[in-house]
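*Asks:*
Number of protein chains: 2
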Amino acid sequence: MRQPGSFGTLVTDRRPSSSIPAKPASIKDIARIAGVAHSTVSRALRNSPVVSRETVERIQRIAGEAGYRTSAAARSLVTRRSDTIGVVVTNIADPFVAGVVSGIEETADRHGLSVFLANSNAEPERELRVARKFEERRVDGIIVTASRVGDQYVPLLTHMQVPIVLLNNQHPSQFAHSVMIANTQASLDATRYLMALGHRRIAYLGDRQGYQSDTERYAGYRSALKEAGLRFEPRLVAHGDGKPEGAEKAAAELLALPQPPTAIFCYNDMSALGAMRQIRSRGLAIPADISVVGFDDLYISQYLNPPLTTVRQPMRQMGNLAMETLLQIFAGCGLRHDIKVPGELIVRASAAPPKEKQ
Amino acid sequence: MRQPGSFGTLVTDRRPSSSIPAKPASIKDIARIAGVAHSTVSRALRNSPVVSRETVERIQRIAGEAGYRTSAAARSLVTRRSDTIGVVVTNIADPFVAGVVSGIEETADRHGLSVFLANSNAEPERELRVARKFEERRVDGIIVTASRVGDQYVPLLTHMQVPIVLLNNQHPSQFAHSVMIANTQASLDATRYLMALGHRRIAYLGDRQGYQSDTERYAGYRSALKEAGLRFEPRLVAHGDGKPEGAEKAAAELLALPQPPTAIFCYNDMSALGAMRQIRSRGLAIPADISVVGFDDLYISQYLNPPLTTVRQPMRQMGNLAMETLLQIFAGCGLRHDIKVPGELIVRASAAPPKEKQ
DNA sequence: TGGCGCATTGCACACGTGTGCATTGGCTAA
DNA sequence: TTAGCCAATGCACACGTGTGCAATGCGCCA
Numbered sequence: 014m015r016q017p018g019s020f021g022t023l024v025t026d027r028r029p030s031s032s033i034p035a036k037p038a039s040i041k042d043i044a045r046i047a048g049v050a051h052s053t054v055s056r057a058l059r060n061s062p063v064v065s066r067e068t069v070e071r072i073q074r075i076a077g078e079a080g081y082r083t084s085a086a087a088r089s090l091v092t093r094r095s096d097t098i099g100v101v102v103t104n105i106a107d108p109f110v111a112g113v114v115s116g117i118e119e120t121a122d123r124h125g126l127s128v129f130l131a132n133s134n135a136e137p138e139r140e141l142r143v144a145r146k147f148e149e150r151r152v153d154g155i156i157v158t159a160s161r162v163g164d165q166y167v168p169l170l171t172h173m174q175v176p177i178v179l180l181n182n183q184h185p186s187q188f189a190h191s192v193m194i195a196n197t198q199a200s201l202d203a204t205r206y207l208m209a210l211g212h213r214r215i216a217y218l219g220d221r222q223g224y225q226s227d228t229e230r231y232a233g234y235r236s237a238l239k240e241a242g243l244r245f246e247p248r249l250v251a252h253g254d255g256k257p258e259g260a261e262k263a264a265a266e267l268l269a270l271p272q273p274p275t276a277i278f279c280y281n282d283m284s285a286l287g288a289m290r291q292i293r294s295r296g297l298a299i300p301a302d303i304s305v306v307g308f309d310d311l312y313i314s315q316y317l318n319p320p321l322t323t324v325r326q327p328m329r330q331m332g333n334l335a336m337e338t339l340l341q342i343f344a345g346c347g348l349r350h351d352i353k354v355p356g357e358l359i360v361r362a363s364a365a366p367p368k369e370k371q
Numbered sequence: 014m015r016q017p018g019s020f021g022t023l024v025t026d027r028r029p030s031s032s033i034p035a036k037p038a039s040i041k042d043i044a045r046i047a048g049v050a051h052s053t054v055s056r057a058l059r060n061s062p063v064v065s066r067e068t069v070e071r072i073q074r075i076a077g078e079a080g081y082r083t084s085a086a087a088r089s090l091v092t093r094r095s096d097t098i099g100v101v102v103t104n105i106a107d108p109f110v111a112g113v114v115s116g117i118e119e120t121a122d123r124h125g126l127s128v129f130l131a132n133s134n135a136e137p138e139r140e141l142r143v144a145r146k147f148e149e150r151r152v153d154g155i156i157v158t159a160s161r162v163g164d165q166y167v168p169l170l171t172h173m174q175v176p177i178v179l180l181n182n183q184h185p186s187q188f189a190h191s192v193m194i195a196n197t198q199a200s201l202d203a204t205r206y207l208m209a210l211g212h213r214r215i216a217y218l219g220d221r222q223g224y225q226s227d228t229e230r231y232a233g234y235r236s237a238l239k240e241a242g243l244r245f246e247p248r249l250v251a252h253g254d255g256k257p258e259g260a261e262k263a264a265a266e267l268l269a270l271p272q273p274p275t276a277i278f279c280y281n282d283m284s285a286l287g288a289m290r291q292i293r294s295r296g297l298a299i300p301a302d303i304s305v306v307g308f309d310d311l312y313i314s315q316y317l318n319p320p321l322t323t324v325r326q327p328m329r330q331m332g333n334l335a336m337e338t339l340l341q342i343f344a345g346c347g348l349r350h351d352i353k354v355p356g357e358l359i360v361r362a363s364a365a366p367p368k369e370k371q
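Chains as they are written, first to last, in the numbering used here: chain A, 14 to 371; chain B, 14 to 371.
Structure representation (structure tokens):
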């Protein structure tokens with residue numbers, strides 16, 4: 014689309030003169046009809062108190078009849094504000110991400126802001142493009158929902174001097190705030206629950222290594238073992254990719270152990286989905302033969318067979334919170350925001366006491 | 014946020030003078046540094062052939078060092094193009110919708126367009142707000158992914174003289190194009206498949222009545238019955254809401270019949286999810302006691318227990334297609350686009366021959 | 001009656017970019 | 001040598017909106 018070394022992305026060869034543009038009514042058109050200066054129209058449409066009440070009403074009526082719509086571009090050019098935020102996600106098709114975005118959009122809309130959505134696919138090259146785009150659009154703020162954030166990505170975003178809220182990620186930076194689930198505590202609770210059911214051989218099926226969420230959830234698992242005086246067994250830890258596919262392979266490893274686990278605590282519900290399929294494919298029953306616990310409480314998790322016991326992340330509310338954080342920063346609240354949201358264990362039917370003592 | 018009768022949405026009380034704006038470098042700043050007119054910079058950054066090669070390179074180097082980024086707002090003000098499209102969905106948390114949006118964003122990005130995402134929640138009031146916002150933003154095109162589209166909504170969007178692509182919906186309008194799954198054929202295939210397995214009492218568990226997709230899928234079901242010479246039984250048709258909750262209730266009705274169905278063909282996978290839970294809660298087995306077929310082939314459907322037999326909608330590709338349709342219209346292709354995408358029956362394990370002859 | 005204050009409106013500039021047209025300067029051909 | 005052409009650049013305006021300041025006009029009070 015553009016030559017290398019470009020500083021603006023431009024798409025050409027569109028909109029031939031064939032179709033009449035029918036350019037929308039501007040403030041000047043309204044002014045001409047009303048017989049006033051365009052500045053008066055500008056003020057009237059914003060209900061400025063300096064304009065007489067009757068003029069305001071007259072102009073608004075005319076504008077309404079003419080189907081006038083403010084040009085956001087022109088306005089933002091002078092106000093230096095786009096009333097726009099950028100949301101970058103690894104993949105909007107991920108149910109967790111979609112839930113969060115839903116919350117973001119909700120409160121953004123309530124405050125009159127529009128949201129740009131961009132997928133990064135966790136590809137550094139696309140992250141770069143996204144950052145450039147958001148910069149050109151002069152977004153007022155950015156929210157990043159990504160399990161994986163490229164090492165140089167946040168600095169890249171930070172460079173544009175715009176407040177950033179990271180969701181389930183953190184980064185030391187003046188401009189990077191965060192909204193996080195209390196991973197460690199939540200997975201501590203989940204693991205405790207499994208132990209309370211009588212499990213002693215509990216596996217942790219994680220995401221790719223190195224991601225913050227995974228590290229913290231793993232830490233909660235470890236401290237639960239420790240506090241119960243259970244010996245930690247490295248072979249009971251396997252890593253997937255946060256998706257069913259990877260989890261299926263990881264679960265296969267766990268089940269192939271000489272002494273397989275009686276319960277698996279999964280990094281997230283999508284991983285649990287994969288683990289459950291792997292378990293079933295071996296002819297084992299859930300939870301009779303082996304218990305499974307997830308993390309997220311996706312919408313579908315309650316409809317699984319068996320319904321999944323899991324840690325609820327209030328996805329929509331976390332999205333709300335991320336957006337509200339941005340709004341607070343816009344309002345001039347200078348301090349760093351690092352919000353921790355508690356998880357909640359949702360007990361369903363995928364976990365039960367182990368079959369036999371070991 | 015705004016007074017009634019407003020023509021532009023404005024958010025105030027933000028960005029106090031506390032933080033130094035540090036206004037980004039403009040084309041004029043670059044011009045001053047390079048010692049040329051700003052028009053030369055403008056041309057150089059777009060690699061205009063009228064500017065000498067060496068000047069182009071020098072200016073681009075300077076712009077790079079200054080971290081210059083084109084102002085999309087200023088550009089769109091003069092080009093009358095925002096390089097932006099609006100995507101309005103009922104609910105981004107719906108997996109089908111998310112899949113489609115993923116495809117839209119993908120090809121939009123590939124062509125240098127940014128996408129605005131807006132949820133309508135199927136609320137007329139929000140639809141109105143969304144339309145106004147898109148109008149102010151001067152989006153170049155709109156894609157609507159909604160099971161339900163308010164009656165006056167498309168006319169509302171049409172009013173702004175911008176091409177619209179409806180996904181799995183149609184509307185007679187010069188500006189409203191469409192990308193649709195071949196509902197009738199696909200559900201004909203699905204129902205045929207159930208009959209081929211030996212089923213005679215097949216139920217249809219639909220979405221809310223009156224939606225186009227539901228009507229068409231129902232029609233396919235009906236013609237399959239007809240072509241097989243089966244008598245249509247009205248009591249074997251129930252309506253949910255396209256979500257597990259509604260489907261659960263609808264399935265309960267079906268199962269409570271004196272002669273319950275041996276198979277249920279569901280409007281979509283989410284409905285199948287609800288139906289399956291209802292079936293299990295009655296102590297019945299799938300597919301041993303009753304078969305279930307869905308529609309969509311959501312990502313998770315292959316991981317269900319049992320894996321769901323369903324009609325695949327290529328969600329991502331349909332998103333791609335919708336976006337490409339817009340691009341073609343931008344390019345000046347004047348004719349109406351009404352694209353039909355074939356569905357594909359994915360046979361898994363949730364449907365099997367009926368237990369006994371009836 | 002004149003001065004003052006206030007309410008209302010207009011003028012003019014700014015925001016950052018794109019583009020038609022004029023200008024400049026160097027080179028070539030007659 | 002000079003006219004003419006072309007390549008390269010600058011000038012000026014436009015896009016639509018917001019806002020400080022000036023201008024206008026009216027009413028009130030001394």
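Backbone N, C-alpha and C fix where the C-beta goes; we use that ideal spot for every residue, glycine too.
Assign Ser61(A) to buried or exposed, taking buried as 16 or more other Cβ atoms, counted over all protein chains shown, within 10 Å of its Cβ.
*Replies:* Taking the first sequence and counting its residues from 1, one reaches residue 61(A) at position 48. With fewer than 16 other Cβ atoms within 10 Å, it is exposed.
*Asks:* Measure the alpha-carbon distance for Gln371(A) versus Phe278(A) and round it to whole angstroms.
*Replies:* For the purposes of this step, residue 371(A) is identified with residue 358 of the first sequence, where counting begins at 1. For the purposes of this step, residue 278(A) is identified with residue 265 of the first sequence, where counting begins at 1. Below a pLDDT of 50, predicted positions are generally treated as unreliable, and Gln371(A), at 45, falls in that range; the measurement from the model is reported next regardless. Each residue's Cα considered, the two are about 19 Å apart.
*Asks:* What residues of chain B sit near Val354(A), judged by a beta carbon separation below 8 Å?
*Replies:* Within the first sequence, the letter at position 341 stands for residue 354(A). Within 8 Å Cβ-Cβ: nothing; Val354(A) doesn't reach chain B, min ~18 Å.
*Asks:* Suppose only complete runs of 4+ residues qualify. What are the alpha helix (DSSP H) ranges in the region 245-309 of chain A, listed by chain order?
*Replies:* Whole alpha helix (DSSP H) segments, 4+ residues: 257-268, 282-294.
*Asks:* Rounded to whole angstroms, what is the Cα-Cα separation between Val192(B) and Met283(A)?
*Replies:* As a first step, residue 192(B) must be located in the second sequence, where it is residue number 179. As a first step, residue 283(A) must be located in the first sequence, where it is residue number 270. Taking the straight line joining both Cα atoms gives about 30 Å.
*Asks:* Using the Cβ count rule (16 or more neighbours within 10 Å means buried), how would you classify Pro367(B)?
*Replies:* Position 354 of the second sequence, counted from the first residue, corresponds to residue 367(B). The residue in question, Pro367(B), is buried, as its Cβ has 16 or more Cβ neighbours within 10 Å.
*Asks:* Taking C-alpha atoms, which residue in Met336(A), His350(A), Ala365(A) lies nearest to Asn155(A)?
*Replies:* Within the first sequence, numbered from 1, the residue matching residue 155(A) stands at position 142. For clarity, residue 155(A) is Ile in the given sequence; the question names Asn instead. Out of Met336(A), His350(A), Ala365(A), Met336(A) has the C-alpha closest to the C-alpha of Ile155(A).
*Asks:* Buried or exposed: Ser160(B), going by 16 or more other Cβ atoms within 10 Å of its Cβ?
*Replies:* Residue numbering aside, residue 160(B) sits at position 147 when the second sequence is read from its first letter. That one is buried.
*Asks:* Using three-state DSSP, classify His190(B) as helix, strand or coil.
*Replies:* For the purposes of this step, residue 190(B) is identified with residue 177 of the second sequence, where counting begins at 1. Note: His190(B) maps to strand in three-state DSSP.
*Asks:* Looking only at its chain, what residues have a beta carbon closer than 8 Å to the beta carbon of Gln198(A), apart from the 5 residues adjacent to it on each side?
*Replies:* Along the first sequence, one-based indexing puts residue 198(A) at 185. So the list reads Gly233, Pro355, Gly356, once near-sequence residues are dropped.
*Asks:* Which of helix, strand or coil does DSSP assign to Glu136(A)?
*Replies:* For the purposes of this step, residue 136(A) is taken as residue 123 along the first sequence, with counting starting at 1. Glu136(A): coil per DSSP, three-state reduction.
*Asks:* Looking at C-alpha atoms only, which residue of Leu249(B), Gly242(B), Phe188(B) is the closest neighbour of Asp351(B)?
*Replies:* Indexing the second sequence from 1 puts residue 351(B) at position 338. Among Leu249(B), Gly242(B), Phe188(B), the Cα nearest to that of Asp351(B) belongs to Phe188(B).
*Asks:* Counting C-beta neighbours from all protein chains within 10 Å, is the total for Glu118(B) 16 or more, i.e. buried, or is it exposed?
*Replies:* Taking the second sequence and counting its residues from 1, one reaches residue 118(B) at position 105. Buried is the call here.
*Asks:* Going by Cα to Cα distance, which pick from Gly347(B), Ala365(B), Val178(B) is closest to Arg205(B)?
*Replies:* Locating residue 205(B) in the second sequence gives position 192, counting from the first residue. Out of Gly347(B), Ala365(B), Val178(B), Ala365(B) has the C-alpha closest to the C-alpha of Arg205(B).
*Asks:* In the DSSP assignment, find the alpha helix (DSSP H) that holds Asp227(A) and state where it starts and stops.
*Replies:* By one-based count along the first sequence, residue 227(A) stands at place 214. Asp227(A) -> alpha helix (DSSP H) spans 225-240.
*Asks:* Answer with yes or no whether the minimum CB distance from Arg361(B) to chain A is below 8 Å.
*Replies:* The residue labelled residue 361(B) in the question sits at position 348 within the second sequence. Not one chain A Cβ lies under 8 Å of Arg361(B).
*Asks:* Apply the 10 Å Cβ neighbour rule to Asp164(A) and answer buried if 16 or more other Cβ atoms are within range, or exposed otherwise.
*Replies:* By one-based count along the first sequence, residue 164(A) stands at place 151. Exposed, because fewer than 16 other Cβ atoms sit within 10 Å of the Cβ of Asp164(A).
*Asks:* According to DSSP, is Ser55(A) helix, strand or coil?
*Replies:* Taking the first sequence and counting its residues from 1, the one referred to as residue 55(A) is at position 42. If DSSP states are grouped into helix, strand and coil, Ser55(A) belongs with the helices.
*Asks:* Could you confirm whether any beta carbon from chain A is found closer than 8 Å to the beta carbon of Ser294(B)?
*Replies:* In the second sequence, counting from the first residue as 1, residue 294(B) sits at position 281. False, the Cβ-Cβ gap to chain A never drops below 8 Å.
*Asks:* Report the option in Ala260(B), Gln315(B), Asp202(B), Val100(B) whose CA atom is closest to the CA atom of Leu280(B).
*Replies:* For the purposes of this step, residue 280(B) is taken as residue 267 along the second sequence, with counting starting at 1. With the sequence shown as reference, residue 280(B) is identified as Tyr, and Leu is not the correct amino acid for it. Of the candidates Ala260(B), Gln315(B), Asp202(B), Val100(B), the one whose C-alpha sits nearest the C-alpha of Tyr280(B) is Ala260(B).
*Asks:* Going by the DSSP bridge assignment, what does Thr68(B) pair with across the sheet?
*Replies:* Residue 68(B) sits at position 55 when you count from the first residue of the second sequence. Answer is none; Thr68(B) lacks a bridge partner.
*Asks:* Under three-state DSSP, which class holds Lys41(A)?
*Replies:* Counting from one through the first sequence, the residue named residue 41(A) turns up at place 28. Note: Lys41(A) maps to helix in three-state DSSP.
*Asks:* Look at the alpha carbon of Arg94(B) and the alpha carbon of Ala44(A), and state the distance between them as a whole number of angstroms.
*Replies:* In the second sequence, residue 94(B) corresponds to position 81, counting from 1. In the first sequence, residue 44(A) corresponds to position 31, counting from 1. Rounded to whole angstroms, Arg94(B) to Ala44(A) spans 24 Å at the Cα level.
*Asks:* Can you pull out the residues from the region 228-255 of chain B whose beta carbon lies closer than 7 Å to at least one beta carbon of chain A?
*Replies:* Listed by position along the chain: nothing, the set is empty.
*Asks:* In angstroms with no decimal places, state the Cα-to-Cα distance between Thr158(B) and Cys346(A).
*Replies:* The sequence position of residue 158(B) within the second sequence is 145, counting from 1. The sequence position of residue 346(A) within the first sequence is 333, counting from 1. Taking the straight line joining both Cα atoms gives about 37 Å.
*Asks:* Let's see if you can read the secondary structure: which residues bound the alpha helix (DSSP H) around Val114(A)?
*Replies:* Translated into positions along the first sequence, residue 114(A) becomes position 101. Segment 108-123, the alpha helix (DSSP H) holding Val114(A).
*Asks:* Do Ile98(B) and Val143(B) have their CB atoms nearer than 8 Å?
*Replies:* As a working mapping, residue 98(B) is identified with position 85 in the second sequence. As a working mapping, residue 143(B) is identified with position 130 in the second sequence. Taking 8 Å as the Cβ cut-off, Ile98(B) and Val143(B) do not qualify as a contacting pair.
*Asks:* Are at least three pairs of beta-carbons, each pair with one atom in the region 250-266 of chain B and one in the region 205-225 of chain B, less than 8 Å apart?
*Replies:* Because the criterion of three Cβ pairs below 8 Å is met, the region 250-266 of chain B and the region 205-225 of chain B touch.
*Asks:* Along the chain, where does the beta strand (DSSP E) containing Thr97(A) start, and where does it finish?
*Replies:* For the purposes of this step, residue 97(A) is identified with residue 84 of the first sequence, where counting begins at 1. 97-102 is the span of the beta strand (DSSP E), which, as asked, contains Thr97(A).
*Asks:* Look at the alpha carbon of Glu148(B) and the alpha carbon of Asp122(B), and state the distance between them as a whole number of angstroms.
*Replies:* To locate residue 148(B), count along the second sequence from 1; it is residue 135. To locate residue 122(B), count along the second sequence from 1; it is residue 109. Taking the straight line joining both Cα atoms gives about 21 Å.
*Asks:* Indicate whether His190(B) and Arg329(B) have their beta-carbon atoms separated by less than 8 Å.
*Replies:* Indexing the second sequence from 1 puts residue 190(B) at position 177. Indexing the second sequence from 1 puts residue 329(B) at position 316. Not a contact, by the Cβ cut-off of 8 Å.
*Asks:* Alpha carbon to alpha carbon, how far is Tyr312(B) from Ile105(A)? Give it in angstroms, no decimals.
*Replies:* Start at 1 with the first residue of the first sequence, and residue 105(A) comes out as number 92. Start at 1 with the first residue of the second sequence, and residue 312(B) comes out as number 299. Taking the straight line from one Cα to the other gives about 13 Å.
*Asks:* Please name the residue in Asn132(A), Asp96(A), Val100(A) whose C-alpha comes closest to that of Gly125(A).
*Replies:* Here residue 125(A) refers to the residue found at position 112 of the first sequence. Residue Asp96(A) is the option with its Cα nearest to Gly125(A).
*Asks:* Enumerate in chain order the residues of its own chain whose CB-to-CB distance from Ala111(A) is below 7 Å, with the five nearest sequence positions on each side excluded.
*Replies:* To locate residue 111(A), count along the first sequence from 1; it is residue 98. Once the five neighbours on either side are set aside, the close Cβ partners of Ala111(A) are Ile105.
*Asks:* With Leu170(B) as the anchor, note down where its alpha helix (DSSP H) starts and where it stops.
*Replies:* Looking up residue 170(B) in the second sequence gives position 157. Element bounds for Leu170(B): 166-171.
*Asks:* For Ala153(B), name the three-state secondary structure that DSSP assigns.
*Replies:* Translated into positions along the second sequence, residue 153(B) becomes position 140. One point to set straight first is that residue 153(B) is Asp, not Ala, in the sequence displayed. The answer is coil: DSSP assigns Asp153(B) none of H, G, I, E or B.
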